[in-house]
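Contents: one structure, followed by commentary.
Numbering (the numbering used here), first residue to last: 3 to 110.
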């Protein structure tokens, strides 16, 4: 089922090789700008409930600030212990210099 694309922010406003969190459709989402690509995940770690936007982005991996577990921001895959559950990802597209994220009706 196709979701709704929501305009989030101009790509120029996202810090290069960093993470920023925003409320979109009632949900807190972390946006990662890696080079000219942008990825999006839930902003809450699946292990320690810490905010991923407070973590350290190294390439395509975000390190949780609480227990140093890492997720791949492209896939949401939990990369190491203590993480055992992947983080949810969201489709992102860049259009006209803006970042859009796709949310399903159940996401709001």
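Beta carbons are placed, not taken as given, at the ideal position from N, Cα and C, and that holds for glycine.
Quantities reported herein were computed from a predicted structural model and do not represent experimental measurements.
Whether residue i touches residue j by CB criterion (7 Å)
i, j, result
"residue 34", "residue 75", "yes"
"residue 96", "residue 13", "yes"
"residue 85", "residue 71", "yes"
"residue 116", "residue 16", "In this structure the chain extends from 3 to 110, so residue 116 is not present and cannot be described."
Within-7 Å CB hit, residue i to chain C
i, result
"residue 84", "No chain C is present in this structure, which holds just one protein chain."
Inter-residue spacing [alpha-carbon to alpha-carbon] between residue i and residue j
i, j, result
"residue 83", "residue 68", "12 Å"
"residue 87", "residue 77", "12 Å"
"residue 51", "residue 39", "26 Å"
"residue 42", "residue 57", "14 Å"
"residue 46", "residue 6", "22 Å"
"residue 36", "residue 80", "18 Å"
"residue 28", "residue 19", "25 Å"
"residue 92", "residue 48", "15 Å"
Local Cβ density within 10 Å of residue i, reported as buried at 16 or more and exposed below that
i, result
"residue 44", "buried"
"residue 9", "exposed"
"residue 32", "buried"
"residue 4", "exposed"
Simplified DSSP state of residue i, which is helix, strand or coil
i, result
"residue 52", "coil"
"residue 107", "helix"
"residue 14", "helix"
"residue 80", "strand"
"residue 94", "strand"
"residue 87", "coil"
"residue 6", "strand"
"residue 25", "strand"
"residue 59", "strand"
Any contact of the segment 94-106 with the segment 49-67, i.e. 3+ C-beta pairs under 8 Å?
-> no
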